[in-house]
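Participant: Shown below is the structure under consideration.
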Amino acid sequence: MGYGFILDSDIPLQEVNVVSRESTTVFPLESECLSDDQRRVSLSDVKKNDANINNRIEKTHSRADETISEKLLTDIPVVVSRKDAIYQGSLHHIPLYNEDTDEYHRQIIKTSDVKNETIQKAGKKSFLAKIAEQIDFSLFKDAAFALLAVSKILAALSFNVPYNFANDLAADAKVIEHKRHWIIMTIGVANCFGRVIIGYLADRSWVNRLTLYNTTLIIAGIATMFAPFCNSFVQTHMIYAGVFGFFSGGYVGLGSIIIVDLVGVDKLSDAFGVLLLVQSIPIAIGTPIVGIMRDAFSDFDRPYLWPYSIFGGTILLSGLIQFGIPVLKRRKERHQQLTKHQLQLGVLSFSKQNLSASEQQQQL
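The sequence shown: position 13 = 33 (the numbering used here), numbered continuously.
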């Protein structure tokens with residue numbers, strides 16, 4: 021019986037942790053005089069064995085990848101969201117941010133550290149059950165927040181009217197057709213300036229943010245009510261469009277700031293989502309109602325007079341009723357004082373009318 025030498029690199033490996041591929045292996049030769057048929061059978065067996073080994077290696081790698089994925093799901097907390105992601109004001113209005121920035125971020129960053137089993141169980145819940153879990157209706161226990169929601173509904177009912185009917189209103193007023201697009205353009209440009217300028221004012225310590233917010237709604241409502249009285253000169257339409265665009269832009273920009281003043285930055289996402297939910301139906305039905313009213317008054321000289329007057333009035337009313345928010349907040353604070361945690365996360369104390377937000381922060 022003879023002996024032969026081959027390199028390990030020619031033999032399929034079954035183990036991953038090989039120390040060296042340069043070593044040699046000695047194997048006995050059963051016979052040095054194998055027939056051709058025997059050699060062909062031997063090579064076939066080697067190829068089959070090689071394929072089996074490769075399959076086992078691939079399965080091992082697959083199991084390793086699954087193990088790593090499970091480890092990532094179960095052991096590593098994942099950042100889900102930031103509670104202040106939609107906050108459009110200065111973080112310096114939040115006392116905790118000024119006192120301890122690291123602690124602020126720890127409280128604001130929302131993570132998920134649930135186990136894989138919990139994730140699988142959550143995936144089996146119905147769509148409606150998942151939606152119900154995300155809606156915090158307990159916010160409506162605060163009368164001031166409930167009043168804010170009513171104001172949002174009234175504003176949402178009419179908010180898209182000037183955008184959707186500006187061209188039709190100009191056509192009824194016999195504005196030259198190729199100039200009508202200037203009206204929508206004016207709303208858009210003024211909206212941009214309004215967000216910046218009114219947002220800047222809201223960051224000033226001497227400005228009452230809620231009063232500024234209410235004022236934007238009142239003026240936007242008056243501008244909408246004035247629109248049907250514009251004549252055939254496009255400039256008159258651009259005046260109302262500019263006023264509405266400027267103050268409606270400020271209204272949108274201040275929305276998240278007012279919410280934080282009422283409920284705190286830690287509840288901003290929940291409150292914002294609830295308000296969007298209650299606004300959805302008014303936004304959907306407002307425009308069709310105006311269209312129906314316009315058709316009903318088509319025989320009048322100004323078909324849009326009553327639709328714009330009524331819906332502009334709802335915007336005006338939405339701003340006026342919010343002056344009741346400080347009254348409701350002060351009444352609540354007489355029975356239940358704000359906690360230090362609430363004040364640190366930006367809830368404004370309306371019982372201290374003579375103090376600015378920065379002065380309230382210094383007293384914490």
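Glycine included, every Cβ here is placed at the ideal spot set by N, Cα and C. As the structure is a computational prediction, the values presented were derived from the model and not from experiment.
According to DSSP, which residues form a beta bridge with S318?
Facilitator: None, per the DSSP bridge assignment.
Participant: Would you tell me roughly how many angstroms separate the C-alpha atoms of R215 and G265, rounded to the nearest one?
Facilitator: Note on geometry: alpha-carbon atoms of R215 and G265 lie some 10 angstroms from one another.
Participant: Going by the beta-carbon positions, is the gap between S178 and I301 smaller than 7 angstroms?
Facilitator: no
Participant: Which residue's Cα is closest to the Cα of N234: G275, A247, Q255, F253?
Facilitator: G275
Participant: Anyone know if the C-beta pair for L232 and A222 falls short of 7 angstroms?
Facilitator: yes
Participant: Could you tell me if Q364 is buried or exposed, where buried requires 16 or more neighbouring beta carbons within 10 angstroms of its beta carbon?
Facilitator: buried
Participant: Using DSSP bridges, identify the partner residues of R102.
Facilitator: I129
Participant: Please report the distance separating the alpha-carbon of S16 from that of D281.
Facilitator: Residue 16 cannot be examined here, being either before or after the span of the chain that is shown, 21 to 384.
Participant: Counting only beta-carbon atoms, is K349 nearer than 7 angstroms to chain C?
Facilitator: The chain labelled as chain C is not found in the depicted structure, where only one protein chain is given.
Participant: Looking at C-alpha atoms only, which residue of A291, H361, Q357, R350 is the closest neighbour of I155?
Facilitator: A291
Participant: Quick one: give me the first and last residue of the alpha helix (DSSP H) that H257 is part of.
Facilitator: 254-283
Participant: Comparing alpha-carbon positions, which option in Q356, K103, A152, A164 lies nearest V347?
Facilitator: A164
Participant: Rank M258, L237, A247 by C-alpha distance to the C-alpha of L340 and give the top, closest one.
Facilitator: When only C-alpha atoms are compared, the closest one is L237.
Participant: Count the other C-beta atoms from every protein chain shown that fall within 10 angstroms of the C-beta of P308, then say buried if there are 16 or more, exposed otherwise.
Facilitator: exposed
Participant: Closest by CA to Q255, which one among V298, I204, G273, L295?
Facilitator: I204
Participant: Is H257 buried or exposed, if buried means 16 or more other CB atoms sit within 10 Å of its CB?
Facilitator: buried
Participant: Under a Cβ-count criterion, where at least 16 other Cβ atoms within 10 Å of its own Cβ denotes burial, should C250 be classed as buried or exposed?
Facilitator: buried
Participant: Give the DSSP-derived three-state secondary structure of W326 in the structure shown.
Facilitator: helix
Participant: With a 10 Å radius around its C-beta and 16 neighbouring C-beta atoms as the bar for buried, classify R314 as buried or exposed.
Facilitator: The Cβ neighbour count for R314, taken over all protein chains shown within 10 Å, is at least 16; the residue is labelled buried.
Participant: Give me the Cα-Cα distance between F12 and S146, rounded to the nearest whole angstrom.
Facilitator: Nothing can be reported for residue 12, as the shown portion of the chain is limited to 21 through 384.
Participant: Pull up the distance between the alpha-carbon of I239 and that of N184, whole angstroms please.
Facilitator: 19 angstroms
Participant: Do the CB positions of Y328 and P248 come within less than 7 angstroms of each other?
Facilitator: yes
Participant: Among K352, S338, R322, A169, which one has its Cα closest to the Cα of D188?
Facilitator: R322
Participant: Would you kindly work out how many angstroms separate the C-alpha atoms of V181 and G241, rounded to a whole number?
Facilitator: 11 angstroms
Participant: In angstroms, rounded to a whole number, what distance separates the CA positions of I278 and Y271?
Facilitator: Computed Cα separation, rounded: 10 angstroms.
Participant: What residues in its chain sit with their C-beta under 7 angstroms from that of G284, if we drop five residues either side in the sequence?
Facilitator: Spatial neighbours of G284 in its own chain (CB-CB distance under 7 angstroms, excluding positions within 5 residues in sequence) are listed in chain order as Q362, L365, G366, V367.
Participant: What span of residues does the alpha helix (DSSP H) with Y220 cover, start to end?
Facilitator: 201-222
Participant: Note down the Cα distance separating I196 from A152, rounded to an integer number of angstroms.
Facilitator: 51 angstroms
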